[in-house]
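Numbering (my numbering), first residue to last: 27 to 351.
Idealized CB from N, CA, C, for every residue including glycine.
Fair warning: this is a prediction, and the values are worked out from it, not measured in the lab.
Here is the structure we will look at, set down as structure tokens.
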Ligand SMILES: NC(=O)c1ccc[n+]([C@@H]2O[C@H](COP(=O)([O-])OP(=O)(O)OC[C@H]3O[C@@H](n4cnc5c(N)ncnc54)[C@H](OP(=O)(O)O)[C@@H]3O)[C@@H](O)[C@H]2O)c1
């Protein structure tokens with residue numbers, strides 16, 4: 027089969043090698059899936075540079091944390107799935123390939139009417155946004171929420187989830203066009219942070235009070251300023267740092283008036299609570315009913331995985347970048 031492999035970590039997409047390798051064979055608890063689409067995530071950029079969860083001893087690896095396609099064979103111990111069933115899976119690795127292995131606990135059936143490109147784009151962004159906002163931040167309908175990097179995959183999922191739950195949403199993005207599109211997706215207020223200071227804008231929009239919840243995924247200075255717009259009893263959940271790390275617990279300013287911060291990882295949550303993956307069914311259903319949108323910014327063929335990662339890294343995208351196979 028054709029696949030992309032990484033033999034050596036490196037700072038650019040040049041480490042991605044497109045090649046012919048043997049098709050994997052499923053063990054008793056695995057399924058072999060003919061991959062139709064595999065989505066890119068920001069974490070793929072860390073993976074190729076060696077900063078995300080993989081040790082040099084584990085190389086070579088096939089990147090691609092999630093994909094959708096059709097089951098072609100099923101291990102003897104798998105009860106829940108059958109050959110020819112359409113599924114979406116999140117094994118963490120292996121998606122940039124014509125065929126990939128999946129285990130039942132990180133696989134869900136894809137409902138009719140939901141295309142593979144759409145299903146492949148969903149697990150990480152919707153599950154991260156849901157558990158970070160609802161479980162970690164305890165978001166409720168009366169809250170006002172600030173979602174940083176609204177045009178990211180996670181941002182677009184978070185805006186729709188927050189609006190679905192009845193909250194008011196302020197979001198940020200780096201261009202006017204992204205801001206316009208985020209309004210169309212339901213955001214109440216958008217701030218182009220390259221033109222306006224988001225801290226000043228949020229405080230102005232909220233009469234100086236700030237927001238009850240912040241979903242933060244940029245890091246560095248954005249993290250620090252996000253803390254400064256947190257209302258009394260507000261909760262900031264940090265999920266990553268596209269622009270740099272957030273402060274360490276020791277260097278955090280003293281939080282007053284019930285403000286709280288936390289750091290959330292969907293990978294850690296799913297490894298301790300694998301049953302949480304079934305939450306994806308709710309979002310697949312909402313997409314099937316056309317109540318939620320999965321925004322696909324651009325697709326690339328598997329052979330052009332390098333160009334796809336370059337596109338993601340360049341920040342021109344809005345929504346998800348997906349490989350089609
Ligand atoms: N903890 C978790 O469980 C978890 C799970 C998934 C993702 N994440 C994290 O959440 C963030 C979003 O992930 P994603 O896959 O949805 O990302 P994505 O689609 O690649 O979007 C990231 C966006 O961040 C914005 N951004 C602002 N400052 C940036 C900077 N200095 N460098 C790069 N981008 C910058 C960019 O939009 P503008 O140019 O419009 O600002 C960019 O489009 C990432 O930090 C990722 O690592 C965490």
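Item checked: Cβ-Cβ separation, residue 241 to residue 173 (assumed contact under 8 Å), whole Å -> Right, the Cβ-Cβ distance comes to about 5 Å (below 8 Å), so this counts as a contact.
Margin query: I want to check one thing, is the minimum distance from the CB of residue 341 to the heavy atoms of ligand 1 below 7 Å?
Written below: At least one heavy atom of ligand 1 is nearer than 7 Å to the Cβ of residue 341, so yes.
Note to self: If contact is defined by three or more beta carbon pairs under 8 Å, each pair taking one atom from either stretch, is the segment 86-100 in contact with the segment 59-75?
What the structure shows: Taking 8 Å as the limit for Cβ pairs, the verdict is that the segment 86-100 does touch the segment 59-75.
Check: Is DSSP giving residue 251 helix, strand or coil here?
Finding: When secondary structure is reduced to three states using DSSP, residue 251 falls in the helix class.
Next item on the list: Note down the Cα distance separating residue 286 from residue 263, rounded to an integer number of angstroms.
Entry: Roughly 9 Å separates the two Cα atoms.
Note to self: Rounded to whole angstroms, what is the Cα-Cα separation between residue 52 and residue 102?
What the structure shows: Between residue 52 and residue 102, the C-alpha separation is close to 9 Å.
Next item on the list: Measuring alpha carbon to alpha carbon, tell me which of 226, 252 and 351 ends up nearest residue 281.
Entry: Answer by Cα proximity: 252.
Checklist line | residue 39 in three-state terms, based on DSSP | finding: Shown here, residue 39 sits in a helix according to DSSP, grouped into three states.
Margin query: Starting from residue 180, trace the alpha helix (DSSP H) in both directions and tell me its first and last residue.
Written below: Per DSSP, the continuous alpha helix (DSSP H) segment holding residue 180 begins and ends at 179-190.
Check: Straight-line CA distance for residue 266 to residue 48?
Finding: Distance between residue 266 and residue 48, taken at the CA atoms: about 35 Å.
Notebook entry, point to check: Quick one: what does DSSP say residue 193 is sitting in, helix, strand or coil?
Noted result: Here residue 193 sits in coil by DSSP.
Check: For residue 171, which three-state DSSP category applies?
Finding: DSSP places residue 171 in the strand class (E or B) of the three-state scheme.
Note to self: In the DSSP output, what is residue 95 paired with across the bridge?
What the structure shows: Paired residue(s): 61 and 113.
Next item on the list: Measure the C-alpha to C-alpha separation of residue 42 and residue 30 and round it to an integer number of angstroms.
Entry: Computed Cα separation, rounded: 6 Å.
Next item on the list: State yes or no: is the C-beta of residue 207 nearer than 7 Å to some heavy atom of ligand 1?
Entry: No, the Cβ of residue 207 stays beyond 7 Å of every heavy atom of ligand 1.
Margin query: I need the boundaries of the alpha helix (DSSP H) containing residue 149, first residue and last residue.
Written below: Taken as a continuous stretch (DSSP letters only), the alpha helix (DSSP H) holding residue 149 covers 149-156.
Notebook entry, point to check: From what residue to what residue does the beta strand (DSSP E) around residue 311 run?
Noted result: Careful: residue 311 lies outside any beta strand (DSSP E), inside the alpha helix (DSSP H) at 306-314.
Next item on the list: In the DSSP assignment, find the unbroken alpha helix (DSSP H) run with residue 288 in it and report its ends.
Entry: Premise fails: residue 288 lies in the beta strand (DSSP E), 286-289, not in any alpha helix (DSSP H).
Notebook entry, point to check: Does DSSP put residue 275 in a helix, a strand or coil?
Noted result: Residue 275: helix per DSSP, three-state reduction.
Check: Straight-line CA distance for residue 168 to residue 97?
Finding: One C-alpha to the other measures close to 43 Å.
Next item on the list: Report the option in 182, 324 and 289 whose CA atom is closest to the CA atom of residue 13.
Entry: Absent from the structure is residue 13, since the part of the chain shown begins at 27 and ends at 351.
Margin query: According to DSSP, simplified to helix, strand and coil, what is residue 106?
Written below: Three-state DSSP puts residue 106 in coil, outside helix and strand.
Next item on the list: Determine the closest residue to residue 323 out of 138, 45, 105 and 147, with distance taken between C-alpha atoms.
Entry: The residue with the shortest Cα to Cα distance from residue 323 is 147.
Checklist line | CA nearest to the CA of residue 84, picked from 180, 194 and 35 | finding: The shortest C-alpha separation from residue 84 is found at 35.
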